[in-house]
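Below: one structure, written as structure tokens.
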Amino acid sequence: MDTPLREPTYLILTALAREPMHGYAIIGEVAALSDGRLSLRPGTLYGALDRLTDAGLVELDREETVDGRLRRYYRLSPSGASILAAETERLRRNVEAATARLRARKAQALTPRTAGGLA
1 MDTPLREPTY
11 LILTALAREP
21 MHGYAIIGEV
31 AALSDGRLSL
41 RPGTLYGALD
51 RLTDAGLVEL
61 DREETVDGRL
71 RRYYRLSPSG
81 ASILAAETER
91 LRRNVEAATA
101 RLRARKAQAL
111 TPRTAGGLA
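Numbering (the UniProt record's numbering), first residue to last: 1 to 119.
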């Protein structure tokens, strides 16, 4: 899977970085990580988990039955952790570059300009 990752993919991998989770827990964690900006529907999540599993970034951790329903837990694979780390580093560098430019812009705006022309 190539970087840059789409935001939902990045947040799904981030959600799984700490511990294995089942689908609805991933949905909740993605919502929390995005401060509610991203709300995954179950069909969207499970389609993404299938793609991420096929790509080797996510693995099935275990299955258990809860209230008569099968619950699958997923975990971040070593390859998924590497991709997540690379994407996080790429984003960190972008944030640093943008922050430096915004600081320079602010400093420039605070510097008084002298009027040009002939005296």
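Here a beta-carbon is modelled for each residue, glycine too, at the ideal position from N, C-alpha and C.
Distance between beta carbons of residue j and residue i, contact taken as under 8 Å
i, j, result
"residue 177", "leucine 84", "Past the boundaries of the shown model lies residue 177; the chain is included only from 1 to 119, so the question cannot be answered."
"alanine 86", "alanine 17", "Not confirmed; about 13 Å, so no contact."
"arginine 90", "proline 4", "7 Å"
CB contact flag (residue i, residue j, <8 Å)
i, j, result
"alanine 48", "serine 39", "no"
Where residue i falls: helix, strand or coil (DSSP)
i, result
"glutamate 87", "helix"
"aspartate 50", "helix"
"threonine 9", "helix"
"threonine 111", "coil"
"leucine 45", "helix"
"residue 135", "The shown model of the chain, from 1 to 119, leaves out residue 135, and the question about it has no answer."
"arginine 72", "strand"
"leucine 60", "strand"
CA-to-CA distance, residue j to residue i, given in whole angstroms
i, j, result
"leucine 102", "serine 34", "23 Å"
"glycine 56", "arginine 75", "11 Å"
"threonine 9", "serine 77", "14 Å"
"alanine 100", "threonine 65", "51 Å"
"aspartate 67", "valine 95", "45 Å"
"alanine 15", "alanine 98", "26 Å"
Residue nearest to residue i in terms of C-alpha spacing, selected from the options
i, options, result
"tyrosine 46", "Arg71, Asn94, Val66 and Gly36", "Arg71"
"histidine 22", "Val58, Leu91 and Thr88", "Val58"
"threonine 44", "Arg62, Gly36 and Tyr24", "Tyr24"
"arginine 37", "Leu110, Leu11, Asp54 and Ala109", "Leu11"
"proline 42", "Ala109, Ala98, Gly68 and Gly28", "Gly28"
"glutamate 7", "Thr88, Glu19 and Pro20", "Thr88"
"glutamate 19", "Tyr73, Pro112, Ser79 and Ala104", "Tyr73"
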